[in-house]
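> I am attaching a structure below and will ask some questions about it afterwards.
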Amino acid sequence: MAAPTPPRTLADQLRRWSDEQVAALLRERPDLVSPTPQDSAQLASRAAVRSSLLRAMDGLTRLELAVLEALVVVGPCSPDELEDVVNAEPAAVRDAVERLTGLALAWSSPEGLRALTGVADGLTGTGAIGRLRPRSPDADAGGVATRLEAASDGARALLDHLDRAGGEGTSAARTPVAPEDATSPVEELLARRLVVAKPGGVVVVPGEVSLALRGGTTTAEPVDAVPALATSRREPSLVARAAAGAAFEAVRRTELLLDHWSTLPPAALRSGGLGVRDLKAAAGLLHVAEGEAALLVEVAAAAGLLATGPDLDGDLAWLPTDAYDTWSARGFAERWVTLAAAWLDTTRLPSLAGSKDRRSGKGLNALAPELSSIYAAETRRMTLEVLAELPEGEVLAAGTGVPSVVDRLAWLRPRRPASRGELVAWSLDESAMLGATGLGAVPAYTRALLAGSDAAAALAPLLPEPVDHVLLQADLTAVAPGPLESSLAARLHAVADVDSRGGATVYRFTDDSVRRALDLGWTAAEVHDFVGSVSRTPVPQPLTYLVDDVARRFGTLRVGAVEAFLRSDDETALTELMHHPKASSLELRRLAPTVLVSTLPVDLLLPRLRDLGAAPVVEGADGSVHIARPDRQRARVPRTRPAGLSAAKAAAHLTAVVTAIRAGDKAAAARPSQAPASSPAEVLATLREAAQARRTVWIGYVDNAGSTVERVIDPVAVEGGQLRAFDHRTDDERVYAVHRITGVRAVQAG
Amino acid sequence: MSNGPLIVQSDKTLLLEVDHPSAQDCRKAIAPFAELERSPEHIHTYRLTNLGLWNARAAGHDAEQVIDALLTYSRYAVPHALLVDVAETMARFGRLRLEKHPTHGLVLVSSDRPVLEEVLRAKKVAGMLGNRIDDDTVVVHGSERGNLKQALLKLGWPAEDLAGYVDGEAHAIGLREEGWALRDYQREAAESFWHGGSGVVVLPCGAGKTIVGAAAMATAQATTLILVTNTVSARQWKDELLRRTDLTEDEIGEYSGAVKEIRPVTIATYQVMTTRRKGAYAHLELFDARDWGLIIYDEVHLLPAPIFRMTADLQARRRLGLTATLVREDGREGDVFSLIGPKRYDAPWKDIEAQGWIAPADCIEVRVTLDEGERIAYATAEPEERYRLASCTPAKTTVAEALVARHRGEPTLVIGQYLDQLDEIGADLDAPVIKGDTTVKERQRLFDAFRAGEISLLVVSKVANFSIDLPEAAVAIQVSGSFGSRQEEAQRLGRLLRPKADGRAARFYAVVARDTVDAEFAQHRQRFLAEQGYAYTITDADELLA
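The structure is reproduced here in structure tokens:
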């Protein structure tokens, strides 16, 4: 170190750091930034806060944690000393020290390199490496070896066990003066100072002993051995193609599903998720397993393309968002990047959908709020980054690959919980389905995505180019040999049904599909023109005939709504009626020489017809004639309730009200003109007195809501801090906590 | 981005662009494992099925090859899930094998014990298996070989049948290639079959399936049982065998309702095999009458259910199925696969036509319009009567007669479903009518006369759908069909496809009543042919008559 005098404190060291170093620290430990520290001293103290320390330590690798632990065990020491006790290459240890210093988890004090005070506490628990105690202040390294030699076999076995089990145990043994006096292995160990007694019957193995047991280092096995990934070889171009294929499918399916949900949105469950049946239907629509459907749904929601909103009936449903429209107008590659980036950063756990909750045993729905984990995003990114480190042409091996990634992640972040293994497996599955990986390797465009550069540009050349034409065939199918331009696809959807989807789309023209187009307002000529213009090949004759046939039949049957019909065998009578000066009020239309219809209901139409001098009769649905005799109308006798019951109820209610009022009066009357008894002793005394004398008292009482209320009561007994008393207001016996009584006063009789 | 001819869809269909320069290579690469589903003019559709993939495994292809073929020829990236699925499906085949054990006879051997345990616990196979010899081997009752294979296929663990075949009684049969030669595709078909042991050969009508059968017999060099649809067809097989092989009249027997001969080569009809007497099949013993080395099923798509059951017991004999269409209207393609064998050879019709082995054909749909009175009658008829009414409209008779007049002199068939309609046409045109009650002798005489060119017009019912060899028929007019039967339409077209001496194109007219169920059924019937690349031209009856 070039610094002439070492810094006295961490703050001092931070003050001496270059701006870049401080900036690097703040970047790695962003929690130090807000609120902005006032000076280096505050920064240093905040860096030593337990929660911040733990968070920083969570990001350490196994090697770095081991070095940090060694620092705690050995105490302030020189870099060389540290290299001796860590079972790793010196260069690796130096790198680790540099990172620990950079993270302000350790600093160079005058006595040597030193870990921050709070670090030792954080080293226990999940991800602990060697589980050593700090070295005793008076430790002599040479002496330990001799004492170990001298220990009996039983004592040595116990010591080994204790060391492996975490270096701590409980024992009632006292420390004998000499090892020879020891009556048990524990006593012998205590006598030889191989374990040290702590208050409360706890014995611990001191750091220097643990070190000696492990051959002078904090761990028996090297800590810088990064677990290797199990790999096999695969052509890089195949990896890219397989991944791009999945990417294309993911985008296509997302679009298909959200398009479908635009018109038929699934209901949002009250708990916020998507119903099991809706997920099943989505999986069926997309030709995928439910797990994959859940992933697509979750990713769409994470990307902001899907959210809850009111459907046409006003019920809460899952609907595509406004952002979906802009998304679907973009190129395939860009759309994929939106999805993949959302997936990479989401805390959601799509793979859990469909499984059972461990605690409640209830099924977990896709999009339900429970499906998330704070580790999800980090795990995904790290998994992909680990894969991205593989050289080109190497892919994760089929069976052993996943556990090896789990091991690698466990080395990189030992302090993460054990459920991490599942998260890793899920990340790999999900990435394969989304096309972020292919055949177990990361293609170039995913590397770009991880690095934050232009992934869309790298992906685009691998995806099918949009096409602007189809091939029409005599079996009434049309094949689009690639993804269709979206406007074209929408129009083709109107006139033909989809038979098969994928890189290409196969459409089939049927009676129904052509009729659907006509229903949408197309004319036969438009269908012919459209079909002719999109086809690279001549339009086959059967298709022309199909369209013409359907068009010929289309609309030969007309349907409309009317309220009444008028028919007469006398055509002239109907003509006369149609041309009557006041006929416009009847809203008549002639359908046939002998049939008129009206949009007026019969009861309106009849009097108006009679006004015009016609003499109509009413015909029933079966053609029978109805006689126009007015029906006599009657009402039902209203039911009344017997009077006595409600009178009794009212009386009872009144009695209760009166009781309450009286009690209130008493309370008001008793409201102390002089201060009531309020010290605990006085309160107790007054209450006891009243109980014995069977006298009524007024109390002030703090109720459960925290407000003070007044009560007038007859105390019955005072015991165990509780007062049992008859309450005048509620008219029954109740129990009061004495400490809540704010004051007591005797109530004047009367 | 490669620019291959193949597009792999995630629903397991493969689209092959026919006009692509490497389309032929691609077709060769994918044919072993993908089933050709449709072959219209521009894009052919293949489908990956479990059966097809297992079939490929049986023929010695592995998943790696399949995936490589897909990736090599695919234009776009191949869906990941599909690749995984291919590998997994193919890995299921061959975990169980049927083998011959020196002391225990037929045994089921497993290379994957959990699979064997799973299968042993399945209810479907209970009773087919005997004692367990060791952890991986179970005895199979000899008679259950076919049923077991069927059951295992349904369980999703198809067994590889390595138990081999009996050679059967040897009998010298040689092809006599005088003035003709085995065509390339016929040779390939026979070889593929022999290599595979058992299976089905799919060739268009008129492409010489009988000769493939003869070639298979010549390879087997063993006594052969041939099952055909009817007696006329049996006679034709006999004639063809006499012409193409060195078999003599005495060596070929006919086993039908009329004659019961059992000779080294015996031709039996489905009908006689399924005849029951007192509830039992009367002629079952034919299967054991000789030690047959080869059994040939003609028109396997028509194989009746009882023969399937009989076939289950014949798994030790080589079986060859011949057909033009594997489409079964009853959907029992899976039974054909597991009991006769997988498809061993398949060629698109248009390919064979392009090679000049079958005549090109023009298919024309003629639409007639019902007159007002008929429309009312049709509209008010009971649903089950409607098809008959629409099919038998007099307008069709007029059109048929006009068409016959137009093609006067050319050998013409008028084919129909309803006998009174046929009788009426026959009477109007003064042509002989062949239907179910026509005697075999009379049929034979008429067909011979037709072949010889003495008569140029025959009116036939559905009895002539199959296996009647009428090489010179150049025009067929179908006035009605059995509802929506796709294979019938294909068979009827097939009557015309035998190459003509003068290279003429055949014409197939389907007369259809517009706006009725007849038109709907017609569309369904045409589907198979449209998928095979036969585009129908549609004309109006009025234009035709004008």
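Protein chains in written order, with the numbering used here: chain A, 49 to 798; chain B, 149 to 694. For every residue, glycine included, the Cβ atom is placed at its ideal position computed from N, Cα and C.
Identify which residue in A/A473, A/V347, A/S467 and A/D659 has its Cα closest to the Cα of A/V299.
When each option's Cα is compared against that of A/V299, the closest is A/V347.
> Verify whether the separation of the beta carbon atoms of A/A528 and B/P188 is less than 7 Å.
Taking 7 Å as the Cβ cut-off, A/A528 and B/P188 do not qualify as a contacting pair.
> Short check: CB of B/S539 to CB of B/S628, under 7 Å?
Yes, Cβ-Cβ distance for B/S539 and B/S628 is below 7 Å.
> So, for A/D779: in the same chain, excluding its five sequence neighbours on each side, which residues have a beta-carbon less than 7 Å away from its beta-carbon?
Hits under 7 Å: T707.
> By the 9 Å beta-carbon criterion, what residues does the stretch 191-223 of chain A contribute toward chain B?
Under the 9 Å Cβ criterion, the stretch 191-223 of chain A contributes no residue.
> Using a beta-carbon distance below 7 Å, is B/S604 in contact with chain A?
Taking Cβ atoms only, chain A never reaches closer than 7 Å to B/S604, which makes this a no.
> Which residues in the same chain as A/V610 place their Cβ atom closer than 7 Å to its Cβ, once the five residues preceding and following it in sequence are excluded?
Result list for A/V610: V645, S646 and T647, in chain order.
> Counting pairs of beta carbons, one from the stretch 418-431 of chain B and one from the stretch 385-402 of chain B, are three or more of them closer than 8 Å?
Cβ pair count under 8 Å is below three, so no.
> For B/Y684, count neighbouring Cβ atoms within 10 angstroms of its own Cβ and tell me buried if that reaches 16, exposed if not.
By the neighbour-count rule (16 or more Cβ atoms within 10 Å), B/Y684 is buried.
> Mind reading off the beta-carbon distance from A/L334 to A/L312? Whole number of angstroms is fine, and I expect it under 8 Å.
The pair is not a contact, with the Cβ atoms about 14 Å apart (cut-off 8 Å).
> Determine, using beta carbons only, whether A/Q61 comes closer than 7 Å to chain B.
Closer than 7 Å: no.
> List, in chain order, every chain B residue whose beta-carbon is nearer than 7 Å to that of A/S548.
The answer, in chain order, is Q157, D159 and T161.
> Got a sec: is the Cβ-Cβ distance from B/T528 to anything in chain A below 7 Å?
No, no contact with chain A.
> Residues of chain A with a CB under 8 Å from the CB of B/V659: which are they?
The contacting residues do not exist; B/V659 stays about 15 Å from chain A at best.
> Tell me whether B/K491 sits in a helix, a strand or coil according to DSSP, three-state version.
Note: B/K491 maps to strand in three-state DSSP.
> Distance, Cα to Cα, B/A355 vs A/A542?
Each residue's alpha carbon lies about 42 Å from the other.
> Does the stretch 210-222 of chain B come close enough to the stretch 233-241 of chain B to have 3 or more Cβ pairs within less than 8 Å?
In short, these stretches touch, since the Cβ pair count reaches three.
> DSSP three-state call for B/Y313: helix, strand or coil?
Coil at B/Y313, not helix or strand.
> Please state the DSSP three-state secondary structure of A/P233.
A/P233: helix per DSSP, three-state reduction.
> Thinking C-beta only, is B/G489 closer than 7 Å to B/S346?
Yes, Cβ-Cβ distance for B/S346 and B/G489 is below 7 Å.
> Apply the 10 Å Cβ neighbour rule to A/M49 and answer buried if 16 or more other Cβ atoms are within range, or exposed otherwise.
Reliability of the predicted coordinates at A/M49 is poor, the pLDDT of 42 falling under 50, and no value is obtained from them.
> Along the stretch 174-205 of chain B, where does the CB come closer than 7 Å to a CB of chain A? Name the residues.
Cβ contacts with chain A: R186, P188, E189, H190 and I191.
> Just the chain A side, please: which residues come within less than 7 Å of B/I686 by C-beta, in chain order?
Neighbours of B/I686 on chain A, chain order: Q589, P590 and Y593.
> From B/A363 to B/I374, what distance separates their C-alpha atoms?
Rounded to whole angstroms, B/A363 to B/I374 spans 13 Å at the Cα level.
> Roughly how many angstroms separate the alpha carbons of B/K491 and A/T427, rounded to a whole number?
Cα-Cα distance, rounded: 49 Å.
> Can you grab the Cα-Cα spacing for the pair B/I710 / B/P250, in whole Å?
Limits of chain B in this structure are 149 at one end and 694 at the other, which puts residue 710 of chain B out of reach.
> Whole angstroms is fine: what's the gap from B/Q674's alpha carbon to B/V660's?
Taking the straight line from one Cα to the other gives about 12 Å.
> Using a beta-carbon distance cut-off of less than 7 Å, what residues from the stretch 503-519 of chain A approach chain B?
Listed in sequence order: P509, L510, P512 and L519.
> Which of helix, strand or coil does DSSP assign to B/K498?
Of the three classes helix, strand and coil, the one that applies to B/K498 here is helix, per DSSP.
> Would you verify that the beta carbon of B/A366 is, or is not, closer than 7 Å to some beta carbon of chain A?
Not one chain A Cβ lies under 7 Å of B/A366.
> Apart from the five residues on each side of it in sequence, which residues of its chain come closer than 7 Å, Cβ to Cβ, to A/A104?
Cβ neighbours of A/A104 beyond the five flanking positions: R77, L151 and L153.
> Could you have a look at B/T459 and say whether DSSP puts it in helix, strand or coil?
Reduced to three states, the DSSP call for B/T459 is helix.
> Does any residue of chain B bring its CB to less than 7 Å from the CB of A/A292?
Yes, its Cβ sits closer than 7 Å to a Cβ of chain B.
> Output needed for A/A711: all residues of its chain with C-beta closer than 6 Å, excluding positions within five of it in sequence on either side, in chain order.
Here the set comprises V760, H776 and R777.
> Alpha carbon to alpha carbon, what distance is there between A/A700 and A/L793?
The sequence given here places Arg at residue 793 of chain A; Leu does not occur at that position. If you take the alpha carbons of A/R793 and A/A700, they lie about 31 Å apart.
> Exposed or buried, what is A/A696 when buried is set at 16 or more other beta-carbons lying within 10 Å of its beta-carbon?
Looking at its Cβ environment, which holds fewer than 16 other Cβ atoms inside 10 Å, A/A696 is exposed.
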